[in-house]
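Taken in order, the sequence shown gives residues -17 to -1, 1 to 1226; the numbers are from mature numbering (1 follows the signal peptide of the UniProt record, and there is no 0).
Backbone N, C-alpha and C fix where the C-beta goes; we use that ideal spot for every residue, glycine too.
Notes to accompany the following structure.
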Amino acid sequence: MAASLVAASFILSLASASSSVLQPVKQIPIDISPLGRVSLTGNFEAVSLYEYQGQNSSAAHNATTNTTASSSILTPLPNGQLATLASADADILAMCPLLNDDGSIKSIVVGGNFTSLKGVDTTGLALFNPKTYDVTAIEGLAGRVLALYCDTKNDSVYVGGDFTLTNSSLAQNASNVAVWSEERGFSALPFGGFNSPVTSIGSTQNGTLVFGGAFDGFGNSSSTPNKGHQIINLSTADITSTGTADTPGYNDPKNIVCRKTGENGPGKTWLLQDNTPGSWHASMGYGFRPTKLRLWNTQQEGRGTKLFAFRALPDNGLLNMSYTDSDGKTAYCNPGCSLPQTSAGQYQEYTFVYQDIRMNAFQLEIWEWYGAGGGLDGIELLSDEINTYAVNDFNEPACADTSYGSKATTTGQWTPVESGQTSSSNYLKSTMDSTFQGMPPFVTFEPDIKESANYSISFYTPGCLESNSCDNRGQVNITYRLSRHDEGRSTIIYQTNEYEKYDHIFNGYVEAATSTFRPTVTLSGIEGSRGIDIVASFVRFEKISNMSHDLNGIFTYDPSAHGASIDTLTQTSLVKIGSDLDPKAQINAITTIGSTLLMGGNFTNTDDGEQFKDILSIDGDKAESLTDGGLDNQVNSLLPLNGLLYVGGAFKKTANGGEEFLNAAIYNSKEGKWEGLGAKGFNGAVQYVTEFPVNISSKMESAVAFTGNFTRIVPSPGKSNEISVPGFAVWVPSKRDWLCNVQDALSSTYYGKLTASIVMNDTIILAGSLQPGGTLSPGVVELFKAHHDASRVGIAKYPMSIDIDRSAHTSSSLSKAKRYADLDLAHPGNGPLTAVYYNGNKKNLTIFGGHFSAKNAQNKSLHNLVIINGSDDNKIIGLTSEIDVSSTFHSVAVQKDILFAGGNVTGKLNDPISGIIAFDLNNDRLSDEQPAALQGTNVVVNAIAPRDGSSDVYVGGHFQAAGGLPCPSVCTYQMDQQSWSRPGAGLDGTTNILRWANKTLIAAGNLTVNDKKAYIATYDSKKQEWLAFSGNNKIPGPVTSLILAKESGTDFWFSGVKNDGTNEPYVMHYDGTSLTSLPKTFDRRSSISDLRMIGIKEKGNERQALILLGSIEVPDFGAASAVILDPDSGVLHPFLLTTDADGKPAKINGFFSENENTFEGSDGKHSRGIVVLVSFCIALGCVFLIVLGGIIASRIRRRQQGYISAPQMVERKADLGRVPPAHLLNDLNGTPPPDGPGGTPMI
């Protein structure tokens, strides 16, 4: 694969795709340029723009159940995000491509432990079309697929895993491996499969297939184990009959259950009426597969059953059986079975010819009889399945001839659930809700293991579709202890399967039950899960062969060598290499680089020759060790890329104690040396290593993804700090660095797991539960205007690293505040909450407040308030220990070079601090003079609003006094006097928002005005009085955010939560005359933390739009952290998506800009200053035109009249006098002058 992939061809292939998930979404052309710099704050780790229909922040996470979602087929989008093409109900574990003759991909074979893919019912295996995204079921497999190899030359697919085939004629010869083709379907391989799961399949250069696993024998060994039998419990079945005799003591069909003695008589025998056919019917609450039937014929008064039939229900078919007749020969029922009149206490045994028929009820039909009528003394039904059920009524009956019958015990609250499927059993369900204290609920299964041997153990999970519980399913923990020397093991499985499935959990030795030890398997919920439904049905034990045929985890098969014997197949050089390894070798990964075959796993070779440890290479017929003896512990995954081998596992260093590599390393086969990945490695094991192309500077580049049980990258000695990577990290070879450190990556962080990938011919198909995070910038990001399009925005990191404490309110003071429902509605949670910009004194400052920590260049910890100085090389300062670290800042504002920061703030400088502090931005330190402490119960400041043109700072929140002055809810700090004053009287309660609208202050929250409930109030600074908003009676609850749509304050939007007990969010609009509610365009689980108005700039149409921020659940989409309300359609458009450190949808707390929007609304009016200026210009222009016209007219007249000399003097007549001004004014009004009756005055 080339070092970089051409992005243009990739994007072209996306554009030509038929699926809508790859299509760009409609972008609302917002204009942020008037706002200057823009910041977003929140509890997120990463932020991304919503640009394609396949994007959403819930792809890998179920918000309802708070669990990681199951696997999906994914493809990258041009913006670095991922589109989901098809989702499975469990894990996708392997993929391989089938190619056309021209080398293009025809279809992709997908394997895993799922039961449905894109809604198509298919177990473990499916076909995926990469052009149409259609899924085709591949039927005939039961179990899970772990490895795939596509043989395009023969149009075949080799399937490996832990499964059997449902076709009974193939099942015995296709254990854990089979071959499939579109033309022929499934076929068995000549060696019959293996006695343990196949975990990897590879190929040598000459086309020989190589299978790897932990097997030591074939699946079709001639020494088929004796499976044994368990008695099917009829004592708890619903038993009915027809044609029953009326004789008391003989008319109850239950008389013959658990009767092995063959005694007859009242209460022990069931009889039919004289000369009447009849039936005996048993219905169970679980599916079973019988293999044998035993009947005790009655001897009562010469009666007895002579001919009968067995009918399976609900299929309603008669089953064929065989038995041994009186001559010792095998006889068959056709279709009726003869039942001889045996002597008392003896039974006749019948064997079902077809033993793969499953049912949940059956019926014995008596057709002929001895004597006066038919009847029976006993019945017993057996199965060769060793099942243990969670519902104890389905386990072996008390009358079973066994010392340690199967049973189950439960702890916690479990309720029975009826299954709607014939093949499955009723099961138990428990919900992990907040009422659980201590350990989660669990079920312990104790099987009836009669013989110590090797067993395969599978756990059955019913499908979630039939119970409509898919949204509530999650993961469960399975622990098991199978021998007295076993310390116990555990694994986690998904229960999100839409259809029933089996999870293989163990293959190996199980000790028989005794009085001192019993094998146990326990299912339990996972601690910390809430709202999860866990289900328990049954666990199955299957005995497996012990014959080895000298296999030890490696086997080869040449598809062209037809008819080869088992002995021939086991004599190849690679099989011998496996035999030379120490016993119980396990091969986890097989790959090639050139002609060299490489294998990784858990194995050693302690012979005197060359030693191998957990990884080896094979050239031709010879196995060779890698440099320094290999690795010191298990290898789980191998990826060859550009001549290098990327290795992941559970190792710590090379086998001979050389270099230290923690769970991940690179092997350079050309130079024969091990290399690190810019660090020591990971602090936990790596499970998968996969190719993962990423978009860097609009170019797709090859990268390597590591998935596993780690949480951080451990740096090399003397290197940078640890990097948090919760289970998923990406190495970019061209940058020699981790993706999270690459500046030009369109998405620098991802969450979840990647289990498989296909990268070829400009096609990129991924598999896993992977969620892109976007731009990695914990807590704060900057929005900027895109250079190529002013109507689009970009996302940039801030030059600092923020650490967010994600526990809910870590401080005692925060916990106290949270107990008051109306205290902190506007600012829940941790992380940066508020921000402000400052440009005074030639400085360029960005200020963030909240509850978080950060470090500056001197590695000094700063807490809850930081200042970035863009005019001084982004120098970072802030609070260290001056204020209590447990404090939280909810609002910041600047007045006259002083930063005021308020919130749940405590500490002590010269005097106690409570609610608010002042910081001197000129001297970069806390001000010498601090505002006097606010007083009250659980003091918190939610809003700070400086008044322009003054030195006053208005502060709102929850408090009762300031510096001893009674001043509830809103108080004014006068900087000149350094004192508090009360702005008017009559206001009380909790203020969440303060907004200035010209000279009017708007307060919103949970208030009272003159002892009357009010959610919004206004303060007239001239009259110094508070007035309740006229529409308060229509507002459903406390207001948590408010934004002006007109700077006059006559048009605004606000949001809050309803006070009807639901805490449901609402959004309302006031247009100056009436209140209207935003229609229900978001789910009630949404949380709205902020509102902002934004300009929309289109040709000939400029207007405003509302942005909602928080965690908004948009119907048919999922969680978005910012949505835009389309002013034309009223539809919410997802705008920004966020993720937290676990890849779950996170939240944006606030939107802050350098400049405020100065909207006057969309009614065409302008501000008074603009109107005056335009009017003045128009008037001046008119005067100029009049003067110019007069000059031109005068010149024309002069030219027409010729030159006339101006008179030197005018003789003043005696009657010529000054015209009084009154004459002129009155004449203008059309009224007669004072001196005459009308007309113009006499001159």
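Query - Coarse secondary structure for residue 236, derived from DSSP in three states - result: Within the sequence shown, the letter at position 253 stands for residue 236. The answer is helix: DSSP assigns residue 236 an H, G or I state.
Query raised in the report: Which residues bound the beta strand (DSSP E) around residue 1029?
Result: In the sequence shown, counting from the first residue as 1, residue 1029 sits at position 1046. No beta strand (DSSP E) holds residue 1029; DSSP gives it neither H nor E.
Query raised in the report: Given residue 427, which residues of its chain have a CB within under 7 Å of its CB, disregarding the five upstream and five downstream residues?
Result: In the sequence shown, the residue the question calls residue 427 occupies position 444. Hits under 7 Å: 391, 392, 503 and 505.
Query raised in the report: alpha helix (DSSP H) containing residue 561: first to last residue?
Result: Walking along the sequence shown from the start, residue 561 turns up at place 578. Segment 556 to 563, the alpha helix (DSSP H) holding residue 561.
Query raised in the report: Where are the beta strand (DSSP E) runs, 3 residues long or more, that stay fully inside the stretch 1024 to 1082, in chain order?
Result: List check, beta strand (DSSP E) in window: 1035 to 1040, 1048 to 1053, 1058 to 1060 and 1070 to 1081.
Requested in this report: Whole angstroms is fine: what's the gap from residue 49's alpha carbon to residue 515's?
Outcome: As a working mapping, residue 49 is identified with position 66 in the sequence shown. As a working mapping, residue 515 is identified with position 532 in the sequence shown. Model confidence at residue 49 stands at a pLDDT of 38, short of 50, so the residue's coordinates are unreliable and nothing is read from them.
Requested in this report: Assign residue 1029 to one of two classes, buried (16 or more other C-beta atoms within 10 Å of its C-beta) or exposed (fewer than that).
Outcome: What you label residue 1029 is simply residue 1046 of the sequence shown in a count that begins at 1. Its Cβ being crowded by 16 or more others within 10 Å, residue 1029 is buried.
Query raised in the report: On the premise that residue 881 lies in contact with residue 58, defined as a C-beta separation below 8 Å, what is that separation, rounded to the nearest angstrom?
Result: Stepping through the sequence shown from its first residue, residue 58 is reached at position 75. Stepping through the sequence shown from its first residue, residue 881 is reached at position 898. Not a contact, Cβ separation roughly 53 Å.
Query - C-beta atoms of residue 988 and residue 974 nearer than 8 Å - result: If you number the sequence shown from 1, residue 988 lands on position 1005. If you number the sequence shown from 1, residue 974 lands on position 991. Cβ atoms of residue 988 and residue 974: closer than 8 Å.
Query raised in the report: Just reading off the beta strand (DSSP E) that residue 1107 is part of, what are its end residues?
Result: One-based indexing of the sequence shown puts residue 1107 at position 1124. From DSSP, the beta strand (DSSP E) with residue 1107 extends over 1101 to 1108.
Report task. Please work out which residues of its chain come closer than 6 Å, Cβ to Cβ, to residue 1015, disregarding the five sequence neighbours upstream and downstream, and give them in chain order. Result -> For the purposes of this step, residue 1015 is taken as the residue at position 1032 of the sequence shown. Closer than 6 Å at the Cβ level, and outside the excluded window around residue 1015, lie 997 and 998.
Query - Helix, strand or coil at residue 1018 according to DSSP, with G and I counted as helix - result: As a first step, residue 1018 is located in the sequence shown; it is residue number 1035 there, counting from the start. DSSP places residue 1018 in coil when its eight states are reduced to three.
Requested in this report: Tell me, please, whether the CB atom of residue 984 is closer than 8 Å to any CB atom in chain C?
Outcome: This model lacks chain C altogether, as it is built from one protein chain only.
Query raised in the report: Is the beta carbon of residue 764 less than 8 Å from the beta carbon of residue 785?
Result: Position 781 of the sequence shown holds residue 764. Position 802 of the sequence shown holds residue 785. Taking the C-beta atoms as reference points, residue 785 is found no nearer than 8 Å to residue 764.
Query raised in the report: What is the DSSP secondary structure of residue 453, counted as helix, strand or coil?
Result: Here residue 453 corresponds to residue number 470 of the sequence shown, with the count starting at 1. Correct three-state label for residue 453: helix.
Requested in this report: Kindly list the residues whose CB is nearer than 6 Å to the CB of residue -8, restricted to its own chain and excluding five residues on each side of it in sequence; keep chain order.
Outcome: What you label residue -8 is simply residue 10 of the sequence shown in a count that begins at 1. Because residue -8 carries a pLDDT of 40, less than 50, the predicted location of this residue cannot be relied on, and no value is offered for it.
Query raised in the report: residue 1147 to residue 1087, Cα distance in whole Å?
Result: Position 1164 of the sequence shown, counted from the first residue, corresponds to residue 1147. Position 1104 of the sequence shown, counted from the first residue, corresponds to residue 1087. The predicted model places residue 1147 with a pLDDT of 44, which falls under 50 and marks its position as unreliable; any figure quoted below should be read in that light. When rounded, the distance between both Cα atoms is 13 Å.
Query raised in the report: In terms of residue numbering, what span does the beta strand (DSSP E) encompassing residue 397 cover?
Result: Translated into the one-based positions of the sequence shown, residue 397 becomes position 414. Bounds of any beta strand (DSSP E) do not take in residue 397, whose DSSP letter is neither H nor E.
Query raised in the report: If you compare alpha carbons, which of 584, 695, 579 and 626 is closest to residue 607?
Result: For the purposes of this step, residue 607 is identified with residue 624 of the sequence shown, where counting begins at 1. Residue 579 is the option with its Cα nearest to residue 607.
Query - Separation of residue 172 from residue 205, as counted between CA atoms - result: Looking up residue 205 in the sequence shown gives position 222. Looking up residue 172 in the sequence shown gives position 189. With a pLDDT of only 37 at residue 205, under 50, the local geometry of the prediction cannot be trusted, and no value is derived from it.
Query raised in the report: Hey, out of 897, 960, 696 and 735, whose CA is closest to residue 941's CA?
Result: Here residue 941 refers to the residue found at position 958 of the sequence shown. Nearest C-alpha to residue 941: 897.
Query raised in the report: In this structure, does DSSP put residue 892 in helix, strand or coil?
Result: For the purposes of this step, residue 892 is taken as residue 909 along the sequence shown, with counting starting at 1. Residue 892: coil per DSSP, three-state reduction.
Query raised in the report: In angstroms, rounded to a whole number, what distance separates the CA positions of residue 399 and residue 287?
Result: One-based indexing of the sequence shown puts residue 399 at position 416. One-based indexing of the sequence shown puts residue 287 at position 304. Roughly 40 Å between the two C-alpha positions.
Query raised in the report: With respect to the beta strand (DSSP E) encompassing residue 133, which residues constitute its N-terminal and C-terminal limits?
Result: Here the question's residue 133 lines up with position 150 in the sequence shown. Here the beta strand (DSSP E) through residue 133 covers 124 to 134.
**Report entry** Cβ contact check for the stretch 377 to 387 and the stretch 341 to 358: 3 or more pairs under 8 Å
**Finding:** The stretch 377 to 387 is not in contact with the stretch 341 to 358.
Query - Cα-Cα separation between residue 1009 and residue 69, rounded to whole angstroms - result: Taking the first residue of the sequence shown as position 1, residue 1009 is located at position 1026. Taking the first residue of the sequence shown as position 1, residue 69 is located at position 86. Roughly 58 Å separates the two Cα atoms.
Report task. Return the CA-CA distance between residue 929 and residue 722, expressed in angstroms with no decimal places. Result -> In the sequence shown, the residue the question calls residue 929 occupies position 946. In the sequence shown, the residue the question calls residue 722 occupies position 739. So the alpha carbons of these two residues sit roughly 43 Å apart.
Query raised in the report: What whole-angstrom Cβ distance do residue 361 and residue 279 have, given they're in contact under 8 Å?
Result: Residue mapping note: residue 361 aligns to position 378 of the sequence shown, counting from 1. Residue mapping note: residue 279 aligns to position 296 of the sequence shown, counting from 1. Yes, residue 361 and residue 279 are in contact; Cβ-Cβ is about 3 Å, under 8 Å.
Query - Cβ distance (whole Å) where residue 491 is taken to contact residue 818 below 8 Å - result: As a working mapping, residue 491 is identified with position 508 in the sequence shown. As a working mapping, residue 818 is identified with position 835 in the sequence shown. Incorrect: roughly 59 Å between the Cβ atoms, too far for contact.
Query - Secondary structure of residue 1172, DSSP reduced to three states - result: Taking the sequence shown and counting its residues from 1, one reaches residue 1172 at position 1189. It is helical.
Query raised in the report: Skipping 5 residues on each side, what residues in its chain have a beta carbon closer than 7 Å to that of residue 787?
Result: In the sequence shown, the residue the question calls residue 787 occupies position 804. Around residue 787: 26, 761, 762, 813, 814 and 835.
Query raised in the report: How many Å lie between residue 864 and residue 831 at the Cα?
Result: Walking along the sequence shown from the start, residue 864 turns up at place 881. Walking along the sequence shown from the start, residue 831 turns up at place 848. Computed Cα separation, rounded: 17 Å.
Query raised in the report: What does a CB cutoff of less than 7 Å around residue 1041 pick up in its chain, not counting 5 residues either side in sequence?
Result: If you number the sequence shown from 1, residue 1041 lands on position 1058. So the qualifying residues of the chain are 1019, 1020, 1047 and 1049.
Requested in this report: Output yes or no for whether 8 Å exceeds the beta carbon distance between residue 488 and residue 537.
Outcome: Counting from one through the sequence shown, the residue named residue 488 turns up at place 505. Counting from one through the sequence shown, the residue named residue 537 turns up at place 554. Contact: no.
Query raised in the report: Rounded to a whole number of angstroms, what is the C-alpha to C-alpha distance between residue 587 and residue 633?
Result: Your numbering for residue 587 matches position 604 in the sequence shown. Your numbering for residue 633 matches position 650 in the sequence shown. Each residue's alpha carbon lies about 15 Å from the other.
Query raised in the report: Exposed or buried, which one is residue 939 when buried takes at least 16 other CB atoms within 10 Å?
Result: As a first step, residue 939 must be located in the sequence shown, where it is residue number 956. Burial call: buried.
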